[in-house]
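Undergrad: Numbering (my numbering), first residue to last: 241 to 333.
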Amino acid sequence: MYELRKTDKDHVATPRYVVEDIYSLIDIESFISLWFPFNHYDSLFKLRADELNLKYKATHIFDDVGNDFFTTEPPLNCDLMISNPPFSEQNRI
Numbered sequence: 241m242y243e244l245r246k247t248d249k250d251h252v253a254t255p256r257y258v259v260e261d262i263y264s265l266i267d268i269e270s271f272i273s274l275w276f277p278f279n280h281y282d283s284l285f286k287l288r289a290d291e292l293n294l295k296y297k298a299t300h301i302f303d304d305v306g307n308d309f310f311t312t313e314p315p316l317n318c319d320l321m322i323s324n325p326p327f328s329e330q331n332r333i
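(1) Give the straight-line distance between the Cα atoms of Ser264 and His251, rounded to the nearest whole angstrom.
(2) By the 10 Å Cβ neighbour count, where 16 or more other Cβ atoms means buried, how is Val259 classified, buried or exposed?
(3) Roughly how many whole angstroms lie between the Cα atoms of Ser270 and Glu291?
(4) Distance check for Leu284 and Arg256, CA to CA, integer angstroms please.
(5) Any Cβ of chain C within less than 7 Å of the Cβ of Ser273?
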């Protein structure tokens with residue numbers, strides 16, 4: 241399991257302009273249900289999705305229900321997973 245002490249060095253927020261560029265390139269509004277598996281409460285992926293009224297599920301290993309990407313099944317009917325993963329786990333992903 242991912243170690244709690246890795247939190248600080250693994251959290252590198254994706255800048256808003258990058259999120260907006262990604263959303264534009266992939267036509268984010270064409271997807272029905274999104275999953276953000278590595279997102280903190282302040283994730284711009286989530287915040288921008290809220291602004292666009294998109295349907296999504298956001299999880300994080302450190303949330304109050306203990307979701308771990310490696311053991312959590314994608315939400316039903318999820319047609320896109322998008323996120324900025326923890327760097328220390330990049331080879332495992």
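Even for Gly, the Cβ is constructed at its ideal location relative to N, Cα and C.
None of the values given here were measured: they were computed from a predicted structure.
TA: According to the structure shown:
(1) Straight through space, the alpha carbons of His251 and Ser264 are spaced by roughly 24 Å.
(2) It is buried - the Cβ of Val259 has at least 16 other Cβ atoms within 10 Å.
(3) 15 Å
(4) 6 Å
(5) In the structure shown, chain C does not exist; there is a single protein chain.
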